[in-house]
Amino acid sequence: MAQTLSEEAYRKPDNPTTQDILHRDGRPVHPVFEVEAPKFLGDEDIDFARYTSREFMEREFTHLWPRVWQWACREEHIPEPGDYYLYEIGRKSVIVLRDNEDRIRAYVNSCLHRGTKLRSGHREGSTAQLSCPFHGWTWSLEGELTKVPCAWDAPHIRDRDFRLPELKVGLWGGFVFINFDRDAPPLEEYIDPLPEHFLNFDMENRFVEIHIEKELFCNWKAAKEAFIENYHTQTTHPELLAAAYDEPTQYDILGKHVSRFLNAFGVSSPHLDKPLTERELLDTMLVGDRDKLVKASAGEDGETARTIMARTLRAALGEAYGNDLSRFTDTEIIDVSQYGLFPNMIIYPQFTLPVAYRFRPIGRDPDRSLFELMMLRQVPDDGPRPEPAEPVRLKEDESFSKVPGFDRTLAHVFDQDTDNVRAQQEGFYASEKGAQTLLNYQEVRVRYLEQTVDEYLAG
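Counting in full-length UniProt numbering, the sequence shown runs from 1 upward without gaps.
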């Protein structure tokens, strides 16, 4: 059972907390970033079989994936009537489209005649109707059966009984979600409190600047769990310690399906023997926009690196992407606020790293997964919405630096993250212990994810 942690249980003596850092900033902190929700979820080991067992994965496909809200695409992927996007999970395939009445629908991608996929191959496209490539049975964008070749030979077929099976669809922040469970709770209830926390970020007015797909040799849960704790930073990303306040990262369990961490930038890691000066901090803080932005200039006497960098990025990002960012606080500009939505989505709303991740099994193999990254930039205040970027697919051994336009420093960080997961997956099989032992606070989101999986598997 979840227990609220006392401050002594998650605060290292003599280290300021993330909240301490945020409240030193020149601008007041938005209330959603003042929320603290630490939980103790137990300290039992977690069995490796849940990452390697085909039987466990089959249980996920039976009891988890059919019952959860899943991010399928962005609304901008299907802006006009007839535009469609294919979403697949395991053996399930879904056509997400915009119909002639501008309504977004999701249909099971299987012909009601003899089962052939109505759409396959390229995931995106546009069509006036859905026609089976095998025998030509055809449905309207509204799901109505409109054509059966040689209909004289099918007097037993009633059009009203042959509507395409339709899934539940929910919209939030420009994201399109689907759910196979027709009795599922509304999306708004499932994702609570995300809408409140993202209210200031106008996620509807984002566009996909970069879309990367990376094939990984690891279980989909292990892939996500590699990103939801900062404990690994001191070993995996030592170059970030200069300006990333990693050990005091704040971890919150915000709801049944939502968790978060807050990581302050512009403050040296406690793992360093000697913290950097404010000037040295400034020279290290342009991760993610190094190629687009100029170096920050020195500020007024007494100003911190955080204040100077926030002001610089507020102006530089606003100019680079055509946005007025004056209303955003320092933490909203420079820090890493990462929200996880169960089961397989991560969203960063802030402007230096505005990304969303998705993690899915590849087929029904417990050892293979697909990691997707979308860079979601603000739509310019003036001018047309840019077209969403086409996905770039990377094999397991290919570097993120191969992706056109992707920041080189950021690519190196993602290479470091994804290089770890094969060794971990192989270690699951090699282990005699057979289970992992987690830290109580810094790895609570890993335990939270696995406990939520178990809740769904239990029915």
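We put the CB at the ideal spot given by N, CA and C, even for glycine.
Counting along the chain, Leu282 sits inside the alpha helix (DSSP H) bounded by residues 278-282. Contact between Phe207 and Glu76 holds: their C-beta atoms lie close to 6 Å from each other, under 8 Å. Taking Gln442 as reference, the option from Lys214, Leu262, Tyr85 with the minimal CA-CA separation is Leu262. In summary, Thr146 is exposed, with fewer than 16 beta-carbon neighbours lying within 10 Å of its beta-carbon over all protein chains present. Taking the Cα of Leu112 as reference, the smallest distance to any Cα among Asp102, Gly121, Leu130 is reached at Leu130.
Short of 7 Å from the beta carbon of Thr277, and not among the five residues preceding or following it, lies no beta carbon of its own chain. Where Lys214 is concerned, the enclosing beta strand (DSSP E) starts and stops at 206-216. For Tyr339, the uninterrupted beta strand (DSSP E) segment begins and ends at 336-341. Each residue's CA atom was taken as its position, placing Ile89 and Glu166 some 16 Å apart.
Taking the CA atoms as reference points, Ala243 sits about 18 Å from Ala411. Of the residues assessed, Arg327 falls on the exposed side of the cut-off, its CB having fewer than 16 other CB atoms within 10 angstroms.
Restricted to the region 153-235, the beta strand (DSSP E) segments that are unbroken, complete and at least 3 residues in length are 168-172, 175-179, 206-216, listed in chain order.
Bridge partners of Ala106 according to DSSP: Val96. An exposed status is given to Thr62, since fewer than 16 other beta-carbon atoms sit within 10 Å of its beta-carbon. Taking 8 Å as the cut-off, the beta carbon of Glu247 is found closer than this to the beta carbon of Pro270.
The C-beta of Ala356 has 16 or more other C-beta atoms within 10 Å across all chains shown, which makes the residue buried.
Secondary structure note for Asn15: it is in no alpha helix (DSSP H), with a DSSP letter that is neither H nor E. Beta-bridge analysis with DSSP links Asp273 to no other residue. Our two residues, Leu187 and Asp14, have alpha carbons roughly 42 Å apart in a direct line. Between Tyr190 and His257, the CB-CB gap stays under 8 Å.
One thing to note: Asp102 has its Cβ within 8 Å of the Cβ of Pro81. For Asn440, no beta strand (DSSP E) segment is defined, and its DSSP state is neither H nor E.
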